[in-house]
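Chains as they are written, first to last, in this note's numbering: chain F, 69 to 525; chain G, 50 to 195.
Note that the Cβ used here is the ideal one computed from N, Cα and C, for glycine as well.
Being a predicted model, the structure only gives us computed values, none of them experimental.
Here it is in structure tokens:
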């Protein structure tokens, strides 16, 4: 099956990113646009656009029927879902399977298997991969008994959640019943699945994830790991690869664990296996698997030289894995800074609006993935990511130096952004030392606040 | 809408007979610029780079003209079933709630209503083709509000 025309069911920088690979491969890119994205940069880059509905995502980018109908209507061979929106909705993958159009991603059954976090935990355990102590709870009595065993602090998580959504931290056991009930009712409303489970909370945890590619027949390769510990409320801000400070043997074990899980699922396409790495004990635990291309995939591309979107397309076209594990070599170090239209001084409030002037960095080892140019409007309906700045160097200090210079020359006028925060983090001794845990950003922000108060005082 | 060679010749003649030196016309993403030179008119037409996106409903110069647009993306059908007479034809009188067609999305049929009182002047969308959200389906000459 050859893929000659791809329907892209997404927007923003990832739409532009997918179009670029389509162009390289000589594939026609048809882009779904909402009414407010008709004049976007990706809309101009695409070979054709199809207006699928009003700006509100529930009336456009989140409509499975409309997306598939449009893709069939323009006679596309395949649908690329990007990340977010419908990318991990089994319903889209299933509708594609039923209607005979290729879904660039895993099978609907695989999306369901990893989307149910308890099922995914069970798969990990069956693949002999450690999970955080915890488990399913069917009643408050069971919750209390399990919490007694695993101890506090612990997290109440939604079975249908993921990516930090639908989580409650419990520090004292007597707060557990309320947290479970609240989490269950929120999960029911948000994910249509009120089931929750418990997991021990590791306050000094690092978020390390492994990129895998599977051919759908049981063969899997990994493309190294990414450290995404610089995050706030589970929203990642800076990612890097390799994860600093891990021993080679630890790295080999975590890669092998990710490969075992993906092999067990006979996973198809690009996926990411997330782990919690305990800085104190140097142990790792499976957290969840993401069945899509990740926002932070470019740092893996930088150090491996592999175009992940091109591999996704090749696998979807039935060409299987074009790489053996020894073909994957990691060169140097890469970092990504996410530039969001958010105001860090106003509790990261989204700041949509018009960008009057913009200057992106360029040069050796620098890549910018964006859909923003001077005059672009950032609509209030979508996420606030406006650009990803990626810096690659022979080692971590070289990559950091390139990133500092790249951030220094970047200018965005018209909307508040996270640029200044990046400048601050890139000068923070704790971050420069490497291997920070997920509590780092909160510590950095409070230090920065104290410093600015001291300056004023 | 496309400009034929005949249209361009006609427009060129109009320019020549006028006292203007230049004419610049932009219709539905097609740009035409004419300039009076030494007895010859320079003709330059250019498609908008993204010629695939449907032109927004043309702003009717005539206030009474109204474009009925697709309320959702799907396949447009002019008749309730194959072989049946179409809901409307050019010249049909319509009221706000008159059904003018059906838009099918994955087997779900959605009726489309005129939304205005008037008479159909032109039917733009072809039967059985994909129409995008906001695409002009037909043009209606409005009558005074009932």
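Query raised in the report: Under 8 angstroms between C-beta atoms, does residue 103(F) make it to chain G?
Result: yes
**Report entry** Secondary structure of residue 178(G), DSSP reduced to three states
**Finding:** strand
Query - Beta-carbon contacts of residue 87(F) that lie in its chain and below 8 angstroms, excluding the five residues immediately before and after - result: 76, 97, 99, 110, 113 and 114
Requested in this report: With 8 angstroms as the threshold, decide whether the Cβ of residue 126(G) is near any Cβ in chain F.
Outcome: no
Report task. Ignore the nearest five residues each way along the sequence and tell me which others in residue 256(F)'s own chain have a CB closer than 7 angstroms to its CB. Result -> 262
**Report entry** Beta carbon proximity, residue 181(G) to chain F, threshold 8 angstroms
**Finding:** yes
Query raised in the report: If you measure beta-carbon to beta-carbon, which residues of the stretch 111-135 of chain G are closer than 8 angstroms to chain F?
Result: 121, 122, 123 and 124
Query raised in the report: Who are residue 126(G)'s beta bridge partners in DSSP?
Result: 151(G)
Query raised in the report: Which residues bound the beta strand (DSSP E) around residue 344(F)?
Result: 336-346
Requested in this report: Report the option in 226(F), 514(F), 509(F) and 515(F) whose CA atom is closest to the CA atom of residue 298(F).
Outcome: 509(F)
Report task. Whole angstroms is fine: what's the gap from residue 116(G)'s alpha carbon to residue 60(G)'s? Result -> 25 angstroms
Query raised in the report: Which value, in whole angstroms, describes the spacing of the CA atoms of residue 131(G) and residue 190(G)?
Result: 28 angstroms
Query raised in the report: Based on the DSSP output, what are the partners of residue 408(F) in its beta bridges?
Result: 453(F)
Query raised in the report: Does the pairing of the stretch 178-190 of chain G with the stretch 117-134 of chain F give three or more beta-carbon distances under 8 angstroms?
Result: yes
Query raised in the report: Given that residue 120(F) touches chain G, what residues does it touch there, using C-beta distances under 9 angstroms?
Result: 121, 122, 181 and 182
Requested in this report: Report yes or no: is there a C-beta of chain G within less than 8 angstroms of the C-beta of residue 504(F)?
Outcome: no
Report task. Note down, in chain order, every chain F residue with its Cβ under 8 angstroms from the Cβ of residue 161(G). Result -> Going along chain F, no residue has its Cβ under 8 angstroms from residue 161(G), so there is no contact; the nearest lies around 15 angstroms.
Query raised in the report: Going along chain F in order, which residues have a C-beta closer than 7 angstroms to the C-beta of residue 154(G)?
Result: 133, 134 and 137
Query raised in the report: How is residue 446(F) classed by DSSP in three states: helix, strand or coil?
Result: strand
Report task. Classify residue 432(F) as buried or exposed, calling it buried when 16 or more other Cβ atoms lie within 10 Å of its own Cβ. Result -> exposed
Query raised in the report: Do you know offhand how far residue 502(F)'s Cα is from residue 312(F)'s?
Result: 5 angstroms
Report task. Verify the CB distance criterion: does residue 94(G) have a CB-CB separation below 8 angstroms to chain F? Result -> Summary for residue 94(G): the model assigns pLDDT 46, below 50, so the residue's position carries little reliability; its value from the coordinates is reported in the next sentence. Not one chain F Cβ lies under 8 angstroms of residue 94(G).
Query raised in the report: Would you say residue 238(F) and residue 226(F) are within 8 angstroms of each other, going by their C-beta atoms?
Result: no
**Report entry** With 16 other Cβ atoms within 10 Å as the buried cut-off, status of residue 64(F)
**Finding:** The requested residue 64(F) is not part of the displayed model; chain F covers only 69 to 525.
Query raised in the report: Are the C-beta of residue 171(F) and some C-beta of chain G separated by less than 8 angstroms?
Result: no
Query - Within chain G, the residues that residue 94(F) reaches when beta carbons sit closer than 9 angstroms - result: Within 9 angstroms Cβ-Cβ: nothing; residue 94(F) doesn't reach chain G, min ~18 angstroms.
Query raised in the report: Roughly how far, in whole angstroms, is the beta-carbon of residue 172(F) from the beta-carbon of residue 384(F), given that I think they are within contact range, below 8 angstroms?
Result: 4 angstroms
Requested in this report: Reducing DSSP to helix, strand and coil, say where residue 425(F) ends up.
Outcome: strand
Query - 8 angstroms Cβ cutoff, residue 443(F) in contact with chain G - result: no
**Report entry** Cβ-based neighbour list, residue 425(F), same chain, cut-off 8 angstroms, excluding 5 preceding and 5 following
**Finding:** 442, 479, 480, 481 and 482
Query raised in the report: How many Å lie between residue 94(F) and residue 377(F) at the Cα?
Result: 14 angstroms
Report task. Would you give the residue range spanned by the beta strand (DSSP E) that residue 162(G) belongs to? Result -> 157-162
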